[in-house]
Amino acid sequence: MERTFIAIKPDAVQRGLIGKIITRIEDKGFKIAGLKMIQVTEEIAAKHYAEHIGKPFYPDLVKFITSSPIIAMVVEGENAVAAMRQLMGKTNPANAEAGSIRADFSQEMSYNSIHGSDGPESAEREIAIYFKPEELCEKWQTMSEIMKARLEG
Ligand code: IDP
Ligand code: MG
Numbered sequence: 003m004e005r006t007f008i009a010i011k012p013d014a015v016q017r018g019l020i021g022k023i024i025t026r027i028e029d030k031g032f033k034i035a036g037l038k039m040i041q042v043t044e045e046i047a048a049k050h051y052a053e054h055i056g057k058p059f060y061p062d063l064v065k066f067i068t069s070s071p072i073i074a075m076v077v078e079g080e081n082a083v084a085a086m087r088q089l090m091g092k093t094n095p096a097n098a099e100a101g102s103i104r105a106d107f108s109q110e111m112s113y114n115s116i117h118g119s120d121g122p123e124s125a126e127r128e129i130a131i132y133f134k135p136e137e138l139c140e141k142w143q144t145m146s147e148i149m150k151a152r153l154e155g
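Residue numbers for the sequence shown, in our numbering: 3 to 155.
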């Protein structure tokens, strides 16, 4: 099982798409191991987007990501990093595959609704920026386990 860092970006939060985007992730069968709404500060943005510092779009990217809250999530499942990138679609929604989150919910690259780590190392790094280890939930007892335990007294 692999973990990836996913964020629902300010444009999608503002447009009331939190539920629809989380539904796509749950429908795929992935487990949400951590979730919170946070206001990204400039310091957090600089850590998250360190690889883009100095690029022409960086100042606008920071203004956007700090503009209103995001939903930060740790998503867990088989091949989660690559599978979530596929579910999200390409960076530019105009080139994203039909049926992907970016293709279906956004129109332009600057406001493309969702972030997902681009590799296992980025995932580990980004999860550590947004979550403390104790904020990630490990214990998932199934309903059948709970009911069996109740029957057994
Ligand atoms: P990714 O989000 O698909 O991993 P990155 O290249 O890591 O794409 O870029 C991070 C974010 O910065 C993108 O999701 C997009 O919102 C924004 N971005 C990237 N390239 C450009 C650009 O050329 N113009 C405007 N925004 C960009
Ligand atoms: Mg990226």
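Built from N, CA and C at the ideal position, the CB exists for glycine as well.
Margin query: Which runs of the alpha helix (DSSP H) at least 4 residues long sit entirely within the segment 57-92? Give them in chain order.
Written below: For the segment 57-92, whole alpha helix (DSSP H) runs of length 4 or above, ordered along the chain, are 60-67, 82-90.
Note to self: Spatial neighbours of Ala9 within its chain, please: C-beta separation below 6 angstroms, excluding the five flanking residues on both sides.
What the structure shows: For Ala9, where only same-chain residues beyond five positions count, the Cβ hits under 6 angstroms are Ile72, Ala74, His117.
Notebook entry, point to check: Under 8 angstroms between the Cβ atoms of Ser69 and Pro12?
Noted result: Yes, the pair counts as a contact, with Cβ atoms nearer than the cut-off.
Notebook entry, point to check: In this structure, what does DSSP give as the bridge partners for Lys33?
Noted result: The secondary-structure analysis by DSSP pairs Lys33 across a beta bridge with Glu78.
Item checked: Beta bridge counterpart(s) of Arg5 as assigned by DSSP -> Note: Arg5 sits in a beta bridge opposite Glu78.
Margin query: For a test of your reading of the model: does the CB of Phe163 fall under 7 angstroms from any non-hydrogen atom of the ligand IDP? Yes or no.
Written below: Lying outside 3 to 155, the shown extent of the chain, residue 163 is not represented and no answer is given.
Next item on the list: Sort Met39, Pro122, Ile129 by Cα distance to Ile20 and report the nearest one.
Entry: Measuring C-alpha to C-alpha distances from Ile20 to each of Met39, Pro122, Ile129 identifies Met39 as the nearest.
Checklist line | DSSP-derived helix/strand/coil call for Ile40 | finding: In the three-state scheme derived from DSSP, where H, G and I count as helix and E and B as strand, Ile40 is classed as strand.
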